[in-house]
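Peer 1: Counting from 1, one number per residue, gives the positions in the first sequence under full-length UniProt numbering.
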Amino acid sequence: MTKNKELAEILEKMAKILEFNGENPFKISAYLKAAGAIRNLSQDIEKIAKDERLEEIPGIGKSIANKIKEYLNTGEIKAYKKAISDVPEGILELMDIQGIGPKTLRLIYEKLHIRSLDDLRRVINDGSLATLPLMGEKRVENIKKSIEFLDKTKGRLLINDALILAEEVVRYLNKDGLIIEIAGSLRRRKETIGDIDLLASSDNKDRLIETFIKMPDIERVIASGATKGSIILKGTQVDLRIVDKNSYGSALQYFTGSKMHNIKLRKISREKGFKLNEYGVFDGDKKIAGETEEDVYNALGLPWIPPELREDTGEIEAAKSGKLPNLVKMEDIKGDLHVHSNYSDGTLTLEDIVKEASVYGYEYVSVSDHSQSVKYAKGLSIDRLKRRNEEIDRINKDNNKKNIVLLKGTEVDILRDGSLDYPDDILEELDIVIAAIHQGFKNNINERMLSAMKNPNVDIIAHPTGRVIYSREGYKMDIERLINDAKSTDTILEINSYPNRMDFNDINCKKAKENGIKMSLGTDTHSKGMMKYMELGLSIARRGWLEKEDLINTYPLEELKDKLY
DNA sequence: GCCGTTTTCGGCCCGACTGTTTTCAGTCG
1 MTKNKELAEI
11 LEKMAKILEF
21 NGENPFKISA
31 YLKAAGAIRN
41 LSQDIEKIAK
51 DERLEEIPGI
61 GKSIANKIKE
71 YLNTGEIKAY
81 KKAISDVPEG
91 ILELMDIQGI
101 GPKTLRLIYE
111 KLHIRSLDDL
121 RRVINDGSLA
131 TLPLMGEKRV
141 ENIKKSIEFL
151 DKTKGRLLIN
161 DALILAEEVV
171 RYLNKDGLII
181 EIAGSLRRRK
191 ETIGDIDLLA
201 SSDNKDRLIE
211 TFIKMPDIER
221 VIASGATKGS
231 IILKGTQVDL
241 RIVDKNSYGS
251 ALQYFTGSKM
261 HNIKLRKISR
271 EKGFKLNEYG
281 VFDGDKKIAG
291 ETEEDVYNAL
301 GLPWIPPELR
311 EDTGEIEAAK
321 SGKLPNLVKM
331 EDIKGDLHVH
341 SNYSDGTLTL
351 EDIVKEASVY
361 GYEYVSVSDH
371 SQSVKYAKGL
381 SIDRLKRRNE
391 EIDRINKDNN
401 KKNIVLLKGT
411 EVDILRDGSL
421 DYPDDILEEL
431 DIVIAAIHQG
441 FKNNINERML
451 SAMKNPNVDI
461 IAHPTGRVIY
471 SREGYKMDIE
481 RLINDAKSTD
491 TILEINSYPN
501 RMDFNDINCK
511 KAKENGIKMS
521 LGTDTHSKGM
531 MKYMELGLSI
541 ARRGWLEKED
551 LINTYPLEEL
561 KDKLY
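1) When the distance is taken between beta carbons, is D506 closer than 8 Å to G537?
2) How about I353 and V374: do their beta carbons lie closer than 8 Å?
3) To the nearest angstrom, how far is the alpha carbon of L199 from that of K511?
4) Name the residue from I60, S63, K81 and K50 whose alpha carbon lies nearest to the alpha carbon of N73.
5) In angstroms, rounded to a whole number, what distance separates the CA positions of L92 and F20?
6) Label F26 either buried or exposed according to how many other C-beta atoms from any shown protein chain fall within 10 Å of its C-beta, with 16 as the threshold for buried.
7) Identify the residues that DSSP records as bridge partners of F282: which are they?
8) Which residues in the same chain as L7 place their Cβ atom closer than 7 Å to its Cβ, once the five residues preceding and following it in sequence are excluded?
9) Would you be able to state if there are at least three C-beta pairs under 8 Å between the region 176-196 and the region 234-247?
10) Ignore the nearest five residues each way along the sequence and tell me which others in L300's own chain have a CB closer than 8 Å to its CB.
11) Assign P456 to one of two classes, buried (16 or more other C-beta atoms within 10 Å of its C-beta) or exposed (fewer than that).
12) Determine the closest residue to I124 out of R106, K145 and E110, with distance taken between C-alpha atoms.
13) Is T465 buried or exposed, if buried means 16 or more other CB atoms sit within 10 Å of its CB?
14) Rounding to the nearest angstrom, what Cα-Cα distance links Q439 and I414 in this structure?
15) Spatial neighbours of A436 within its chain, please: CB distance less than 6 Å, with the 5 preceding and 5 following residues excluded, ordered by chain position.
16) How close, in whole Å, do the beta carbons of I242 and T227 come, if the pair is a contact with beta carbons under 8 Å?
17) Count the C-beta pairs between the region 79-90 and the region 109-127 that are closer than 8 Å, then say yes if the count reaches three, no if not.
18) Which stretch, first to last residue, makes up the alpha helix (DSSP H) that contains A34?
19) Would you identify the three-state DSSP class for E428, choosing helix, strand or coil?
20) Using the three-state DSSP reduction, which class does Y470 fall into: helix, strand or coil?
21) Considering A377, what are the terminal residues of the beta strand (DSSP E) in which it resides?
22) Using 8 Å as the threshold, is the region 324-331 in touch with the region 478-489, meaning 3 or more CB pairs across them?
23) Is the beta carbon of Y555 less than 8 Å from the beta carbon of S497?
24) Output the boundary residues of the alpha helix (DSSP H) element that contains E148.
25) Leaving out five residues on either side along the sequence, give the residues of the same chain with a beta carbon under 8 Å from the beta carbon of K16.
26) In the region 518-562, which residue ranges form an unbroken alpha helix (DSSP H) of at least 4 residues, counting only runs that do not cross its ends?
27) Nearest to E351 by alpha carbon, out of L380, G361 and D398?
28) Which of the three DSSP states is assigned to D336 in this structure?
29) Cβ of K320 within 7 Å of any heavy atom in the ligand PLP?
30) Quick check: what's the CA-CA separation for G418 versus I492?
31) Checking the sheet assignment: what are the DSSP bridge partners for S419?
32) On the three-state DSSP scale, how would you describe L98?
33) Run through DSSP, which three-state label would K81 get?
34) Please confirm whether H370 and L385 have their CB atoms less than 8 Å apart.
35) In the DSSP assignment, what are the bridge partners of residue 567?
36) According to the neighbour-count rule (16 or more other Cβ atoms, all chains shown, within 10 Å of its Cβ), is V433 buried or exposed?
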C-alpha cells in the first residue's frame, strides 16, 4: 500500500500549494478530503484503479481520479510537477509555523521575498517583518516562539506518552467536582497525537482557565480566553475548552472529531434543517440536543458511534443502516498471548505473571520467551525451555482454584534461512508458538515469514516491529504480502501493542479482517503493566473495526485450544 | 474540486481567540 501513502502525501502537498496560491478554499479542502480518503483506505489504490472504481471513493471525482491514474501509470503528475515548480522550495514548510497562514505567507513572500526558514529568522531579527501591515510587535514575537517550538518538537507523540501527559493535566485540574475528560484524537485513540484536547465543565470558568495557564512547567501560553485556553507543556500543545453542562455532550462530540466525521455530521444536520455546533443541535432557535453525545447522535437519526470509529471511513453510513460493528471490549479479552518472563529478557517471574493476570480476571496468559539464538534477549536453550515448562506445570497445578492457566509458549526466531530456532519436536510440546524475526533484517523478510507460516507448529506470526527495526537500515517488509501469506497458510496475525511497536496499525487490522484473517492481541510485555499495553492493543483493534470473534484471545481456554492445537 | 430525495450549478461546517484597528481579518481547530 505504499502507493496509497505516496498519493495521499502528493494530494496534501497540492492542497498546500493551492493554499499558498490563494485558491478557492473549497478546492483546497477537496484535495485534503481526497488525501484523507486515500490514507484511510484499507484497500490498495492500484487495485481500485485497475478495477475502474476510483470515483466510487467518496471525495474523489473525475479530476483527482485522472491524476491518480496518471501517477500510477507514469510515476508523476504533470499538474503537480508544474505547481511545485512555481512554488519556491522551502516556503511550504513555513505554513507549519503556528500563526502563519496563507495570507501572511503570501505577504512575506511578496513584500520581503522570504523563501525559507532562515530568511524568516533574518527579517524577524532585523525588524523588517514588523513593518508589514497588520504585523505588530506581538505577532512577530509569537512567530518567533512558534519557530522555536517547531525546532524543538520533532513530530507527534506516541499515544501512550500522550495519555500519560494528558492524565497528568487532568489530575492537576480535577478538583472541586469538576467534569473533565480527554477529547480529540487521543479519545479516538489514534496511534500518534499532534496535540492534547481536554474538555471541561465548571461553574467557575475563569478560575479554571487561570489554573490551567499557570500550571507548573508550562513553556508558553498560546491563548487564554473566557472559555478556551491553549498552552505548550513539555513540548506538547494542550488545549482546554470549557462549556456549560447542558452543552457538554455536543462539545465532547465536537472536540473529539475527527474533522471529517464532524463535517459529515453537520451536513446531515443541515439536510434535516438543523444546525449543529459545539453547543448543541438546534431546530431554529430551539435546542433539541446537547447534554449527552447520545442525544446529539440520536437527534441526527443515528446511534451513538464509538470514538475510535470517528474518522469518516464509513462509520456514519454503517450507523445509518444499523451496521456498526459491535467492537471488541476489554471485558471480552480472556488473556494475553505474548508475555515475557524473567527466564528470557522479562523482569516478571512466572508467579508475578499469574498474580498480575488474576487482578485483570484473565483466564490464561501465554509465556512467550525468546528462543535460543537471540542471545541479547537471553533466549532460552532447549534445556532452560524445558525447565521453564516444568515450572509452568507446577504453577498451573497450584493455581487451579484461581482459574488462571499459564500457557507454554515461545517467540521462536525465524533464522536467516527461514528455518525456526527450535526443532519441530520441541515446538510440538508447546501450547502456542509465535514466530518472529529478530535477525537478518535486510534479507528476504517476507519469504522467511512465509516459510515459518508453513510450519504446522506455528500458530501466530508476529512481524518485526518497533525500535529494533527502525534503527536498522535496509529493513523492508511488504505488509500487503504478509496479510496474503497469512491468509493462504491460515496463520493468525499478532497485533503487538508494546509501545512503539504499533506499525501493525488500525488500517492493517481492517484489511486483515476484510481478508477473513484471525488476529491475536499480544502485548509483548516485559515488565509490570500488562493491562496498560493491552488497552493500547485493544484501541488498535477497535480502530480497525474488530469484533470479539476476530480476536482469538477472546475465546475461552477450551475453544482456544481447539483453535490452536 | 466534489457533489446531488430543493441535482449539473451553486453551494460547500461553524465558532473562539488574537492583534490590530475602531469594526474586523487572519488563524486555528
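From the three backbone atoms N, C-alpha and C, an ideal C-beta is built for every residue, glycine too. Being a predicted model, the structure only gives us computed values, none of them experimental.
Peer 2: Taking the structure as given:
1) no
2) no
3) 33 Å
4) K50
5) 8 Å
6) exposed
7) K275 and K287
8) I38, I45, I68 and Y71
9) yes
10) L265, I268, S269, K272, F274, L276 and V281
11) exposed
12) K145
13) Residue confidence is low: T465 scores 49 on pLDDT, short of 50, so the model does not pin down where it sits. Its coordinate-derived value is still stated next. Flag for T465 reads buried.
14) 8 Å
15) E411 and A462
16) 5 Å
17) yes
18) P25 to R39
19) helix
20) Bear in mind that the predicted position of Y470 carries a pLDDT of just 42, short of 50, making it unreliable; the figure below should be weighed with that in mind. Residue state, collapsed to three classes: helix.
21) Premise fails: A377 is in no beta strand (DSSP E) and is neither H nor E.
22) no
23) no
24) E137 to K152
25) L92 and M95
26) 530-543
27) D398
28) strand
29) Within the structure as shown, the ligand PLP is missing, as the structure has no ligands at all.
30) 18 Å
31) None, per the DSSP bridge assignment.
32) According to the sequence displayed, residue 98 carries Gln and not Leu. Q98 falls in the coil class under three-state DSSP.
33) helix
34) no
35) This structure cannot settle anything about residue 567, because the visible part of the chain is limited to 1 through 565.
36) buried
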